[in-house]
Amino acid sequence: MSVNNILEIFYVLIGLIMFFASIESFRDKENSARIGTGLFWLIMGVIFAVGKYLPNFVIGILLVFVGILSLLKQIKVGKIKEVNKELAEKSAKRLGAWLFFPSIVLAILSILISQFTKLGGQVGIGIASVVALITAMILSKADGKTTYHDSERMVRSVGTAGILPQLLATLGVIFTASGVGDVTSKAISGIFPAGDHLLGVVLYCVAMAIFTMIMGNAFAAFAVITAGIGIPFVVAQGANPAVVAAIGMTAGYCGTLMTPMAANFNSLPVALLEMKDNLGVIKQQYPVALVLLVIQIALMYFLAF
Amino acid sequence: MEYLKLIGIVIIILGFAFKLDTIAVVVAAALATGLVSGMSLTHVLTLLGKGFMDNRMVSLFFLTLPMIGVVESHGLKQAAVNGISKIKNLSAGKIFNMYLAIREITDALGIALQGQVQFIRPLINPMAQAAASIKKPLTDKQVDLIKGRAAATDNFGNFFSQNLFIASSGVLLMSSTMKSLGYSATPGNIVLYSIPMAVITFVITAIYNRRFDKQFNE
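Those sequence lines, one after another, are chains L and G.
Each position in the first sequence, counted from 1, maps to that position plus 33 in this note's numbering.
Each position in the second sequence, counted from 1, maps to that position plus 13 in this note's numbering.
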């Protein structure tokens, strides 16, 4: 069995848990957008489970339909049954630190399979996830019904944010096919000539931070800034793509630390902690963020070339 | 007018900056970029579908959700709270650093705790305030500084260690985007090159937090 065939099994499994989320979304009477939300998970489930047998054109149309549903506010998380605190408390006493064991199995097994077998990182994540789930079920003595509800609860609470990373990576395909990188490199190289390694690294890291500050989302910045600046000015000059990606993304996080646009991280705590200073969290973060940004530029320059 | 091709970048930047619906913004940016580059609508939709199928690996993290759900409903959060609340006799800065270490380790294991909601507000912030007010009562301004530093510590730990987990959406997004752009970066290698920044961030934040204690000792 080839790696791609094995991966296909895991995609079918993802489709399956999305179907769980779809069923429970349709059944959620308290969600004003239950039809749209149920449809959203149904479409995603179909794409993952049987998308391989559908023409790409149909997948494209389904995605546009999801975009319209989302635009019309027809996809909502809805009412999700909260974890039963009493049961959780009791089982925490019984299991204690063992509750972390399935996560350790997942992290270590996926790394081992990825580094020491020919199966690769993706199959490693798939196998390790299944093994970790079985470990968790044995430890906690969870039955099928509990596991079903725990799965649909997690998937539904992730919501549309869960497919955003995949959609952003897809944007990269369109950008490449359209030649976006060529245009930006031509535009920018009028001011900064491509070819100077240090200049390219500075340009990319600073752009990641600034555009993340503007957009409030480092993943979105990564998709556009890597296509526009990272590839032509750094990777195409001979840099190691894994180094550029890893450090470029965290350069974006330095932007996240300095912007009120990243509300989840910088404004939510102000409200949660009832702080007087609206920018109190950012004020504690920006000195470290600036220092880290400079370090990242140096690190990328020395590690990537 | 080849600069028109940059319309997708403009749509993403403005759409996210103005907090429009993110899914709709990305789909719109993809369609617009393809269309202004001279592709037919059929071609753009086919490319969109193909791109999405080719990037399914980014969503592999969905496979980890059932396990997380099971341990969560069986008291994962409670077990973590019990563990952290055993920490005693530490200064505010040391409490932050202890939490920073726990946050980085759990993040590396893919345990995405909702730090601000589950730990900073109910646990770390009150513990740090109690520790800092031993010598003399805190002023309102100092209380606000402790709250800000507690929230900041969660963000430092979270951001710079989440890419140590191979099945995190960030690592998968990077690997898949690089592939879309025509270059290879395996998830394993991305994790490897994420280690230096996780360590450096820990050291710098730890020094920063230790210096934080000075203002409460005078």
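Just so it is clear, CB atoms sit at the ideal spot from N, CA and C, and this is done for glycine as well.
A distance of 7 Å or more separates the beta carbons of THR209/L and LEU44/G. Spanning the alpha carbons of ASN311/L and VAL216/G requires a straight line of approximately 27 Å. Per the Cβ contact rule, the stretch 111-125 of chain L is not in contact with the stretch 160-171 of chain L (fewer than 3 Cβ pairs under 8 Å). Nearest neighbour of GLY201/G by Cα position, chosen from LYS151/L, TYR319/L and GLY261/L, turns out to be LYS151/L.
DSSP places GLY48/L in the uninterrupted alpha helix (DSSP H) bounded by 36-60. Within 10 angstroms of the beta-carbon of GLY183/G lie 16 or more other beta-carbons, which makes it buried. The stretch 94-104 of chain L and the stretch 51-63 of chain G touch, with no fewer than 3 CB-CB distances between them shorter than 8 Å. Residue contact with chain L for ARG223/G: absent (no Cβ-Cβ distance below 7 Å to any residue of chain L). ILE160/L and ILE146/L have their alpha carbons spaced roughly 9 Å apart.
When the Cα atoms are used, ALA227/L and PHE244/L turn out to be separated by approximately 20 Å. When secondary structure is reduced to three states using DSSP, MET111/G falls in the helix class. Under a criterion of Cβ atoms nearer than 8 Å, the residues of chain L adjacent to ASN176/G are, in order, ALA279, MET282 and THR283. Between ASP183/L and SER86/G, the C-beta gap is smaller than 7 Å, which places the two residues in contact. ILE118/G and ALA82/L have their C-alpha atoms some 34 Å from each other. The Cβ atoms of LEU89/G and VAL188/L do not sit closer than 7 Å to each other.
Around the beta carbon of THR70/L, 16 or more other beta carbons lie within 10 angstroms, which makes this residue buried. Within the same chain, and ignoring the five residues on either side of ALA337/L in sequence, the residues whose Cβ sits closer than 6 Å to its Cβ are ALA272, ASN273, VAL276 and VAL277.
Residues of the stretch 232-259 of chain L whose Cβ lies closer than 9 Å to any Cβ of chain G, in chain order: PHE244, ILE247, MET248, GLY249, ASN250, ALA251, PHE252, ALA253, ALA254, PHE255, ALA256, VAL257, ILE258 and THR259. Within 7 Å of the CB of LEU72/L, no CB atom of chain G is found; the nearest one sits about 13 Å away. Contact fails between the stretch 169-177 of chain L and the stretch 161-175 of chain G, because fewer than three Cβ pairs, one in each stretch, are under 8 Å apart. Of all residues in the stretch 308-328 of chain L, only MET308, LYS309, ASP310, GLY313, VAL314, LYS316, GLN317, GLN318, PRO320, VAL321, VAL324, LEU325 and ILE328 place a beta-carbon less than 8 Å from a beta-carbon of chain G. Under the 7 Å criterion on CB atoms, THR209/L is classed as interfacial with respect to chain G. For TYR44/L, the neighbours in chain G by C-beta distance under 7 Å run, in chain order, ARG69. Contact annotation: GLN318/L and ALA284/L have beta-carbon atoms that are not nearer than 7 Å. With contacts defined as CB atoms closer than 7 Å, MET282/L and MET187/G qualify as a contacting pair. For the C-beta of TYR286/L, the chain G residues within less than 8 Å are, from N- to C-terminus, PHE172 and PHE173. ALA322/L is a Cβ neighbour of LEU290/L, given a cutoff of 7 Å. In terms of CA proximity to LEU33/G, GLY249/L leads the group VAL45/L, ASN64/L, GLY249/L and ILE196/L.
Listed along the chain, the chain L residues whose CB falls inside 8 Å of the CB of TYR16/G are VAL216 and ALA220.
At a C-beta separation below 8 Å, ILE196/L has these neighbours in chain G: ILE36 and SER72. CA-to-CA, the gap between ASN297/L and ALA304/L works out to about 10 Å. Around the beta carbon of SER189/G, a 10 Å sphere encloses 16 or more other beta carbons of the protein chains shown; the residue is thus reported as buried. When the Cα atoms are used, SER197/G and MET191/G turn out to be separated by approximately 6 Å. Secondary structure of ASP120/G (DSSP, three-state): helix. Under a 10 Å Cβ-count criterion, ASN138/G is classified as buried, with 16 or more other Cβ atoms of the shown protein chains found around its own Cβ.
For MET66/G, the uninterrupted alpha helix (DSSP H) segment begins and ends at 54-67.
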